[in-house]
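**Student:** Chains as they are written, first to last, in this note's numbering: chain A, 1 to 320; chain B, 1001 to 1320.
There are 2 protein chains.
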Amino acid sequence: MQAIWLQNKKLSYKTDVKIPTPNNGEALVKVLLAGICATDLQLIKGYYPYTGILGHEFVGEIVQADNAPERIGERVVGEINIVCGKCANCLRNHPTHCKYRDVLGIINHNGAFAEYLCLPLKNLIQVPDSISNEDAVFTEPLAAALQIQQQIIIHPNDKVLIIGAGRLGQLIAQTLVLTGCNLQVVARYQQQQQLLNEHKIAWLLEQDIAHHRFDIVIEATGSTTGFNLSIQAIRPRGIIVLKSTYKDNMSANFSSIVVNEITMVGSRCGSFAPALRLLEDKLVNPSALITNKFPLSQALQAFEYMQQPGILKVLLQMDN
Amino acid sequence: MQAIWLQNKKLSYKTDVKIPTPNNGEALVKVLLAGICATDLQLIKGYYPYTGILGHEFVGEIVQADNAPERIGERVVGEINIVCGKCANCLRNHPTHCKYRDVLGIINHNGAFAEYLCLPLKNLIQVPDSISNEDAVFTEPLAAALQIQQQIIIHPNDKVLIIGAGRLGQLIAQTLVLTGCNLQVVARYQQQQQLLNEHKIAWLLEQDIAHHRFDIVIEATGSTTGFNLSIQAIRPRGIIVLKSTYKDNMSANFSSIVVNEITMVGSRCGSFAPALRLLEDKLVNPSALITNKFPLSQALQAFEYMQQPGILKVLLQMDN
């Protein structure tokens, strides 16, 4: 089959990869559409060591499921953490922190930029018919956006600032605006601003951020600049949610975190069920983020294309 | 009067400072005993700009109070934040974050290393007779230790690690052990270890910290080493409380905070009333921390003495 292979920080398009064989409890999934995410770009830069097929955002169709043949033909999305169910973190009901987890296209498990992938049946969730492939492929990042509200309370009266209006920032904005909170988003690029306008979400420029006024700040840039803007914008006793990973060490002023008694919350993956509910109810519109689609065979060009500033979502289509 | 004056990172002992005149609503307090704190050492190093009389931990006696003459003769401790009561943070019931605050011996208000000080009457809290001066002088740092439990829940089943067994670490240990939690303290020096033994609090060395096992870690060193040990010790989804300020910028690995969904909480001053209740009930024993007392006239030697490793509390006595 065709697949996008990462090895030693080098991506290659292969056509001779063996179709994977599902282990016990796994299903074989034919990938229909996959999304490229910031984590993929970081993996290519070598921030984490990974060798194998890249990709973790997808919608596909179950084509083989020896333990559950009745599920063959289901259109599905897939939770990316493959967990043991037995370690302290799993038993604490934090499966995304399983000590022994593999992660689709990220840790020790071949990913979604391929014609086929394998995942445990319990990871695969059926997509309601009313949700298009173009929306369903956003289930994973939308779940990550919703994870914020799983971790902290957003009060309707809160002044909330999102720093970063890229892929993740836009999805976070679309979910937080549903709380009725007083929301503003820092948006640099015209495409980002326009999309926020379409959703009637207020945006502003970096230099116009009010100092120490926001109850909650969501840092969605993964940059030192974004982090420092967060510290500047948050009020004493406020909450900063760190939603992006940071390459290497970051240098920051921690005294103001102590003196102003700031809370910082790291936030990663979320559950798929609430994301699918919002998609089914048309309360979010992630497919508006799609800037371009490329066939799998042109994935390397797609990665090149994504380097341009202001690009939002780029998808890989398996049926060319 | 005698006073310890800080100017341009230089401490001096003066004998010709004018006894302060209380403003409207203030009382004049004769200082009996004062404690030297890490913040004082940081102010001397110039981490924050301050010119004036140093010192914010004290017990004293009201000697003049024009608006409340019935309070003359009261033995008191004093809340160190002098607040406006009207700004957004005061109205949010976070007076320690008052936008316009002065702080005794720290921001724009002469401090306690002197024969007399002035504070608003509402800041001065009477000390019950059963509490000695040697215990009462710890009210402020004990309140800061208790602030942790004002901000986060410590469950009786939590595994809790305190990094740092100096002045603040010991007080935090004495308050957290009262929760029944599973508590361990990282203690480098023999004096620190012995004091913890006397309170039947378990201690360990840095190299023996179990990785990613603690539900809650209290960072009480204010050092990059302490911060990195916190990140190493905390379990996924755990809480790190930052209890010390950090000089300048600190470089840290933030990705693990995001990936492991760690919560970090900055923590500073607390309320005096609960601290006085614990002191009155003899549930804590801060005076055991006193390593030495110096008369005010020998304050400069006291600061010199404190530079030695493993020194716990050093007090300044006003009645020589």
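Ideal Cβ positions, reconstructed from N, Cα and C, are used throughout, including at glycine. Here the structure is a predicted model, which means the values were calculated and not measured.
In terms of alpha-carbon separation, which member of B/V1059, B/A1088 and B/L1168 lies closest to B/T1039?
**Tutor:** Of B/V1059, B/A1088 and B/L1168, the residue nearest in Cα terms is B/L1168.
**Student:** Could you tell me whether the region 258 to 275 of chain A touches the region 56 to 66 of chain A, where touching means 3 or more Cβ pairs closer than 8 Å?
**Tutor:** Contact fails: fewer than three Cβ-Cβ distances are below 8 Å.
**Student:** Which bits of chain B does A/V259 rub up against, with CB to CB less than 8 Å?
**Tutor:** What A/V259 touches in chain B: T1245, G1266 and R1268.
**Student:** In whole angstroms, what separates the C-alpha of A/Q42 from that of A/A302?
**Tutor:** Their Cα atoms are separated by approximately 15 Å.
**Student:** Give a yes or no on whether 8 Å exceeds the smallest Cβ distance from B/P1286 to chain A.
**Tutor:** No, B/P1286 lies away from the interface with chain A (no Cβ there is under 8 Å from its Cβ).
**Student:** Tell me the DSSP secondary structure of B/N1320 in three-state form.
**Tutor:** Low confidence applies here, because B/N1320 scores a pLDDT of 49, under 50, leaving its location unreliable and the question unanswered by this model.
**Student:** Measure the beta-carbon distance from B/C1098 to B/C1118 and round it to whole angstroms, keeping in mind my assumption that it falls under 8 Å.
**Tutor:** That pair is no contact at about 18 Å.
**Student:** Taking 8 Å as the threshold (beta carbon to beta carbon), is B/A1252 in contact with chain A?
**Tutor:** Chain A contact via Cβ: present.
**Student:** Taking the C-alpha atoms as reference points, what is the distance between B/A1114 and B/A1034?
**Tutor:** Spanning the two alpha carbons is a distance of roughly 9 Å.
**Student:** Could you run through the region 93 to 127 of chain A and flag, in chain order, every residue whose CB is less than 7 Å away from some CB of chain B?
**Tutor:** Answer set for the region 93 to 127 of chain A: H94 and H97.
**Student:** Please classify B/E1074: is it buried, with 16 or more other beta-carbons within 10 angstroms of its beta-carbon, or exposed?
**Tutor:** Burial call: buried.
**Student:** Per DSSP, which one or two residues make a beta bridge with B/Y1013?
**Tutor:** Note: B/Y1013 sits in a beta bridge opposite B/I1004.
**Student:** Look at the alpha carbon of B/H1199 and the alpha carbon of B/P1309, and state the distance between them as a whole number of angstroms.
**Tutor:** Roughly 21 Å separates the two Cα atoms.
**Student:** Please state the DSSP three-state secondary structure of A/S267.
**Tutor:** Correct three-state label for A/S267: coil.
**Student:** List the residues of chain B that A/S255 touches, going by C-beta distances under 7 Å, in chain order.
**Tutor:** Neighbours of A/S255 on chain B, chain order: T1245 and Y1246.
**Student:** Under the rule that 16 or more other beta-carbon atoms within 10 Å means buried, what is A/N89, buried or exposed?
**Tutor:** Result: buried.
**Student:** Return no unless some Cβ of chain A is closer than 8 Å to the Cβ of B/L1161.
**Tutor:** So no, B/L1161 is outside the interface.
**Student:** Less than 8 Å between CB atoms is the rule here; does B/N1249 satisfy it with respect to chain D?
**Tutor:** Considering every chain present, this structure includes no chain D. Its protein chains are A and B.
**Student:** Exposed or buried, which one is A/I136 when buried takes at least 16 other CB atoms within 10 Å?
**Tutor:** Ile is not the amino acid found at residue 136 of chain A; the sequence shown has Ala there. That one is buried.
**Student:** Below 8 Å CB to CB, which residues in the same chain sit around B/N1320 once its five sequence neighbours on both sides are set aside?
**Tutor:** Summary for B/N1320: the model assigns pLDDT 49, below 50, so the residue's position carries little reliability, and this model does not support an answer.
**Student:** Can you have a look at B/L1006 and say buried or exposed, based on whether 16 or more other CB atoms are within 10 angstroms of its CB?
**Tutor:** So B/L1006 ends up on the buried side.
**Student:** Take B/E1140 and list the residues in its own chain whose beta-carbon comes closer than 6 Å to its own, dropping the five residues that flank it on each side.
**Tutor:** Cβ neighbours of B/E1140 beyond the five flanking positions: E1057.
**Student:** Could you confirm whether any beta carbon from chain B is found closer than 8 Å to the beta carbon of A/I262?
**Tutor:** Answer yes: the Cβ-Cβ gap between A/I262 and chain B drops below 8 Å somewhere.
**Student:** For the alpha helix (DSSP H) containing A/A299, name the first residue and the last one.
**Tutor:** Run containing A/A299: A299 to Y305, per the alpha helix (DSSP H) assignment.
**Student:** Listed from N- to C-terminal order along the chain, which residues in the region 205 to 238 of chain A have their beta-carbon within a distance smaller than 9 Å of any beta-carbon of chain B?
**Tutor:** Listed by position, the residues of the region 205 to 238 of chain A near chain B (Cβ gap below 9 Å) are H212, R213, G222, F227, R235, P236 and R237.
**Student:** So, helix, strand or coil for A/K86, using DSSP?
**Tutor:** Here A/K86 sits in coil by DSSP.
**Student:** Name the DSSP beta bridge partners of A/H109, please?
**Tutor:** A/L104, per the DSSP bridge assignment.
**Student:** Going by other Cβ atoms of all chains shown within 10 Å of its Cβ, with 16 needed for buried, is B/R1101 buried or exposed?
**Tutor:** Buried.
**Student:** Quick check: what's the CA-CA separation for A/N183 versus A/F214?
**Tutor:** Looking at the sequence shown, residue 183 of chain A is not Asn but Leu. Going by the C-alpha atoms only, they are around 10 Å apart.
**Student:** 8 Å is my cut-off, CB to CB: does B/N1157 come that close to chain A?
**Tutor:** Output row for B/N1157: interface = no.
**Student:** Give the interface partners of B/L1142 over in chain A, defined as CB-CB distance under 7 Å, in chain order.
**Tutor:** None at all; the shortest Cβ gap to chain A is about 18 Å.
**Student:** So B/V1217 and B/L1161 are in contact, right, with Cβ under 8 Å, and what is the actual spacing, rounded?
**Tutor:** About 5 Å; that satisfies the 8 Å criterion.
**Student:** Which ranges does the alpha helix (DSSP H) cover as unbroken runs of at least 4 residues, wholly within the region 1203 to 1272 of chain B, from first to last along the chain?
**Tutor:** Correct list: 1224 to 1233 and 1255 to 1259.
**Student:** Specify, as a first and last residue, the run of the beta strand (DSSP E) that B/E1140 falls within.
**Tutor:** Note, B/E1140: premise wrong, no beta strand (DSSP E); alpha helix (DSSP H) at T1139 to Q1151.
**Student:** Taking only beta-carbon atoms, is B/N1081 less than 8 Å away from chain A?
**Tutor:** So no, B/N1081 is outside the interface.
**Student:** Are at least three pairs of beta-carbons, each pair with one atom in the region 216 to 232 of chain A and one in the region 1233 to 1252 of chain B, less than 8 Å apart?
**Tutor:** No: the two stretches stay apart, fewer than three of their Cβ pairs being nearer than 8 Å.
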